[in-house]
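**Q**
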Amino acid sequence: MAKVNVSIPQGTRDFNAETVRKRNYIFNTIRKVFEIYGFQPLETPSMENLDTLMGKYGEEGDKLIFKILNNGLDNPDKHTLVKAEFEKVLEGKNNKNITERALRYDLTIPFARYVAMNHGQLTFPFKRYQIQPVWRADRPQKGRYREFYQCDADVVGSNSLLNEVELTNIYATVFRKLEIEVEIRINSRKILAALAELCGGADKMMDITIAIDKLDKIGLDKVKDELIQRGLTNDQIIIIEKYLSIDGSNEDKLTSIASLFGTNELGNKGLEEIKHILSNFTTKETKLTIDFTLARGLNYYTGTIFEIKAIGVQMGSIGGGGRYDDLTGLFGVPNIPGVGISFGVDRIYDVMEELKLFPEAVQSGTKVLFFNLGDSESKAAFGLMQQLREQDIACEMYHENAKFDKQFKYAEKKNIPYIIILGSKELEENNCVVKHLTTSTQQTVSMSTLIDYVFL
RNA sequence: GAGAUUGUAGCUCAGUUGGUUAGAGCGCUAGUUUGUGGCACUAGAGGUCGGGGGUUCGAGACCCCUCAUUCUCCCCA
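Under numbering that gives the first Met the number 0, the first residue of the first sequence is numbered 0, with each subsequent residue one higher.
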């Protein structure tokens, strides 16, 4: 046998029929909910100009953007230029003469770019959903791929908290439909900013959030170590420790933090928003939890932030999002606030696989296999098959006249529930035998009434 | 970017302190069985032991390099 020596790039995958069907089940569920909430689809190119993406995801994010090498670098006329410019790349700088395009890193920034380009034509508030792959040059590991799908829903052009409420309900609805038990965690960048203000250094917000975000992973002591490393004073750390010690039910947390914040304006604004979302959230069977340690790495968020944690499995967040005041401002169109959420399909798939949540019915392929029992027999069978196909019944015919054994085994392997036998005897009598393989029962049906046969 | 892990048949994996011709289960092909599958039995095909180099009389096993996998940290969906 020939030795196969090909592979696919690290962190990418092929999807077989079974996997595609399961993935489509997830896509369709999410898409349907998006549509029901009044969002409309958008697709953007796989690649963007590098400038559009760079600097939007933080320093780490920039490193994870897949850059595309320009074409025509081998043009002899440009060799001197290209070599000189490549030196700059080696210094870690991006250079248009070497790379000017990159693969999409997420769906939010391309959306902001789209809104900035088309704001004159759009009706606001503009609600769009987008289901497309994104690419990250990350080291693959559990639940982490270099090519994966995101399903985003965003509303731009509105400051209303109704949007947050709607998006929270979308999360709850989708995961209820998929039967995944989740906890929706919310927080607000305003609350984090207020904490930074209380510590006397609004400029320290990034340092504080990065450190406290790790609380559940590394524990309080190490968070404190990191805060010291990041240059915070003892007094400041005492305040942060108080903040981190807030626990209990949503109500308890709100009470505790209100006393910590006192009259801090920004903090109270954030709290009011959180309260509003909590009190208007209608899908009561899903947990909606305040998590004051939730920070999220993307630095464009300014208000409410969300993250989804699946219960009962060890997996990073399977969804996230938040409010951003001025994302299009990055592209020269200010004053269009927005809020959005994202579903991580590949992680959702992994969670559902682990918890065995995919319904059996997802795997519905061919329903009927017509046996091939000779030239004139298969010709008659072919006619019948086309009739069934007209009725939207998925059929196929065995590709050649082979022994029963083979044809049966083919049906079994492909999980085809029905087979139809049309041999010389049936041809003569103008009928065929319909056999249900799962129950091992069969009946003779006349050719003219096969079209009325009910295949379950 | 840092660290660890695994790599043997199509798949899942054995393979003793280094020792003759590398095994099992499942799957595959054929037959028992030219119009009724799943079961059983019989026979058969299929392996550069990830790749390269080294140590040795002798390497699937030990050493070095390399590629790939999976996982952890960082960060994220």
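Ideal Cβ positions, reconstructed from N, Cα and C, are used throughout, including at glycine.
Give the list of continuous beta strand (DSSP E) stretches no shorter than 3 residues that lie fully inside the region 322-400.
**A** Fully enclosed beta strand (DSSP E) runs of 3 or longer: 337-343, 367-369, 394-396.
**Q** What's the call for Gly37, buried or exposed, on a 16-neighbour Cβ count within 10 Å?
**A** It is exposed - the Cβ of Gly37 has fewer than 16 other Cβ atoms within 10 Å.
**Q** Is the region 304-317 touching the region 335-355, taking contact as three or more C-beta pairs under 8 Å?
**A** With a cut-off of 8 Å, the region 335-355 and the region 304-317 count as touching, because enough Cβ pairs lie within range.
**Q** Count the other C-beta atoms from every protein chain shown that fall within 10 angstroms of the C-beta of Asn158, then say buried if there are 16 or more, exposed otherwise.
**A** Looking at its Cβ environment, which holds fewer than 16 other Cβ atoms inside 10 Å, Asn158 is exposed.
**Q** Alpha carbons only, please: which of Gly269, Leu421, Asp50, Ala136 is nearest the one belonging to Lys92?
**A** Ranking Gly269, Leu421, Asp50, Ala136 by Cα distance to Lys92 puts Asp50 first.
**Q** Taking the alpha carbon of Asn429 as the point to measure from, which residue in Leu436, His435, Ile420 has its own alpha carbon closest?
**A** For Asn429, the nearest C-alpha among the options comes from Ile420.
**Q** Could you say which of Gln149, Leu436, Lys223, Lys283 lies nearest to Trp134 if we only look at CA atoms?
**A** Looking at the Cα atoms, Gln149 is the closest of the given residues.
**Q** Considering only their Cβ atoms, is the gap separating Pro139 from Glu475 smaller than 8 Å?
**A** Only positions 0 to 455 of the chain appear in the structure, and residue 475 is not among them; the question remains open.
**Q** Decide if the region 405-424 is in contact with the region 369-387; the criterion is three or more beta carbon pairs, one per stretch, under 8 Å apart.
**A** With the cut-off at 8 Å, the region 405-424 and the region 369-387 touch.
**Q** Could you tell me whether any non-hydrogen atom of the ligand PLP is closer than 7 Å to the CB of Leu277?
**A** Looking for the ligand PLP in the displayed structure turns up nothing, as the structure carries no ligands at all.
**Q** Classify Asn27 as buried or exposed, calling it buried when 16 or more other Cβ atoms lie within 10 Å of its own Cβ.
**A** By the neighbour-count rule (16 or more Cβ atoms within 10 Å), Asn27 is not buried but exposed.
**Q** Please report the residue range of the beta strand (DSSP E) in which Val432 lies.
**A** Segment 430-435, the beta strand (DSSP E) holding Val432.
**Q** Look at the Cβ atom of Phe33, then the Cβ atom of Arg22, and state whether they are nearer than 8 Å.
**A** Not in contact: Phe33 and Arg22 (Cβ atoms no closer than 8 Å).
**Q** Whole angstroms is fine: what's the gap from Thr11's alpha carbon to Asp349's?
**A** Answer to the nearest angstrom: the Cα atoms are 15 Å apart.
**Q** Taking only the alpha-carbon atoms, compute the straight-line gap between Val361 and Glu427 and give it to the nearest angstrom.
**A** Roughly 39 Å between the two C-alpha positions.
**Q** Who are the near neighbours of Tyr452 in its chain, counting only those whose CB is closer than 7 Å to its CB and skipping five residues on each side?
**A** Val433, Val444.
**Q** My output table needs one value for Glu264: the three-state DSSP class, helix, strand or coil.
**A** Three-state DSSP puts Glu264 in a helix.
**Q** Taking the alpha-carbon positions, what's the Thr292 to Thr303 distance?
**A** One C-alpha to the other measures close to 13 Å.
**Q** Please go through the same chain and pick out, in chain order, the residues whose beta-carbon is closer than 8 Å to the beta-carbon of Lys213, but skip the five residues on each side of it.
**A** These residues qualify, in order along the chain: Lys221, Val222, Glu225.
**Q** Beta-carbon within less than 6 Å of Met0's beta-carbon, same chain only, minus the 5 sequence neighbours each way: which residues are those?
**A** With a pLDDT of 42 at Met0, under the threshold of 50, the predicted position of this residue should be treated as unreliable, though the coordinate-derived value follows. Contacts found: none.
**Q** Thinking C-alpha only, which one of Leu89, Ser244, Leu265 is nearest Ser255?
**A** Residue Ser244 is the option with its Cα nearest to Ser255.
**Q** Start and end of the beta strand (DSSP E) containing Thr122?
**A** Thr122 -> no beta strand (DSSP E), and no H or E assigned at all.
**Q** What residue range does the beta strand (DSSP E) around Gly18 cover?
**A** According to the sequence as given, residue 18 is Thr; it is not Gly. No beta strand (DSSP E) contains Thr18, which is instead part of the alpha helix (DSSP H) from 16-35.
**Q** Would you mind reading off the limits of the beta strand (DSSP E) that contains Leu287?
**A** Taken as a continuous stretch (DSSP letters only), the beta strand (DSSP E) holding Leu287 covers 286-289.
**Q** Specify, as a first and last residue, the run of the alpha helix (DSSP H) that Arg188 falls within.
**A** Residues 188-197.
**Q** Anyone know if the C-beta pair for Leu326 and Gly337 falls short of 8 Å?
**A** Contact flag set, yes.
**Q** Just to check my reading of the structure: Asn70 and Val81 have Cβ atoms closer than 8 Å, yes? What is that Cβ distance to the nearest angstrom?
**A** Contact doesn't hold; Cβ gap of about 12 Å is too wide.
**Q** Shortest alpha-carbon distance to Arg184 belongs to which of Val88, Asp61, Val173, Thr285?
**A** Comparing Cα positions, the closest option is Thr285.
**Q** How big is the Cα-Cα spacing for Gly247 and Leu160?
**A** Going from the Cα of Gly247 to the Cα of Leu160 covers about 25 Å.
**Q** Looking only at its own chain, which residues have a Cβ that is under 8 Å from the Cβ of Leu253, when we skip the five neighbours before and after it?
**A** Excluding positions up to five away in sequence, the list reads Leu270, Ile273, Lys274, Ile289.
**Q** Kindly indicate which three-state DSSP category Ala1 falls into: helix, strand or coil?
**A** Because Ala1 sits at a pLDDT of 46, beneath the cut-off of 50, its placement in the model cannot be relied upon, and the point is left open.
**Q** Just curious, the beta strand (DSSP E) that Arg175 is in, first and last residue?
**A** From DSSP, Arg175 is part of no beta strand (DSSP E) but of the alpha helix (DSSP H) over 160-176.
**Q** Pair every Cβ in the region 72-90 with every Cβ in the region 112-122, then say whether three or more of these pairs are closer than 8 Å.
**A** As far as the Cβ criterion goes, the region 72-90 does not touch the region 112-122, which means the pair count is below three.
**Q** Ignoring anything shorter than 3 residues, give me the beta strand (DSSP E) runs that lie fully in the region 93-158, in order along the chain.
**A** List check, beta strand (DSSP E) in window: 100-102, 125-134, 146-155.
**Q** Rounding to the nearest angstrom, what Cα-Cα distance links Leu41 and Gly321 in this structure?
**A** Distance between the alpha carbons of Leu41 and Gly321 is about 19 Å.
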